[in-house]
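Asks:
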Amino acid sequence: MNRRTHSKKEVESALGYAEENGWRVVPGTGCGHAWGRMYCPYNDTDCRCGEFCITSIWCTPRNAVSHARTLRRIVENCAPHRHKVISLRVIAEAKRRARAQQQHGQQEEQQE
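Residue numbers for the sequence shown follow the numbering used here, beginning at 245 and rising by one.
(1) Use the C-beta contact count for LYS253: other C-beta atoms within 10 angstroms, 16 or more gives buried, fewer gives exposed.
(2) Does the structure place the region 296-314 close enough to the region 264-282 that three or more beta carbon pairs sit under 8 Å?
(3) Which two residues bound the contiguous beta strand (DSSP E) that contains ARG261?
(4) Compare the C-alpha of ASN305 against each of ALA278, ALA338, LEU259 and name the closest.
(5) Straight-line CA distance for PRO271 to LYS339?
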C-alpha cells in the first residue's frame, strides 16, 4: 500500500476492499472535506448511469461505519464488477451440479 491510511479504521477497511477489486484510491492534497477519491478500473459507460465511477472519500464522515458501507456498496454495484461476480457464481454452481451428478452416478453403479 503506497498511500497514506485513512484515520477511520472502517473506512480504511472499505478502501482496502476497493483496492482488492481493482479500484484506484488516490488521497487528496489535504485541503477541503474530501480525503481522496476512488476510481473505477473498468472505465465503462454502463457504470453509474453513464458516468464513470469516481467517488469522493470523506475525511471525517459523520458516521464512519455508514460511509464505509456506502463505499463498499459502490464497489459491489459497479456494473462490470457485478457481472464478474455473477459469472463466478454461475461457474461455481455449474461445478457443484456436475459434482453432484457424478456422485449420484457413482452411487448407482455401486448399487448395480
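Where is the CB? At the ideal position from N, CA and C, for every residue including glycine.
Replies: According to the structure data:
(1) For the purposes of this step, residue 253 is taken as the residue at position 9 of the sequence shown. Per the 10 Å Cβ criterion, exposed.
(2) yes
(3) Numbered from its first residue, the sequence shown carries residue 261 at position 17. Sequence check: residue 261 is Tyr here, not Arg. Unbroken run through TYR261 is the alpha helix (DSSP H), 253-264; no beta strand (DSSP E).
(4) If you number the sequence shown from 1, residue 305 lands on position 61. The residue asked about is misnamed: residue 305 is Pro in this sequence, not Asn. Nearest option by C-alpha distance: ALA278.
(5) As a first step, residue 271 is located in the sequence shown; it is residue number 27 there, counting from the start. As a first step, residue 339 is located in the sequence shown; it is residue number 95 there, counting from the start. Near 41 Å, if we compare the C-alpha coordinates of LYS339 and PRO271.
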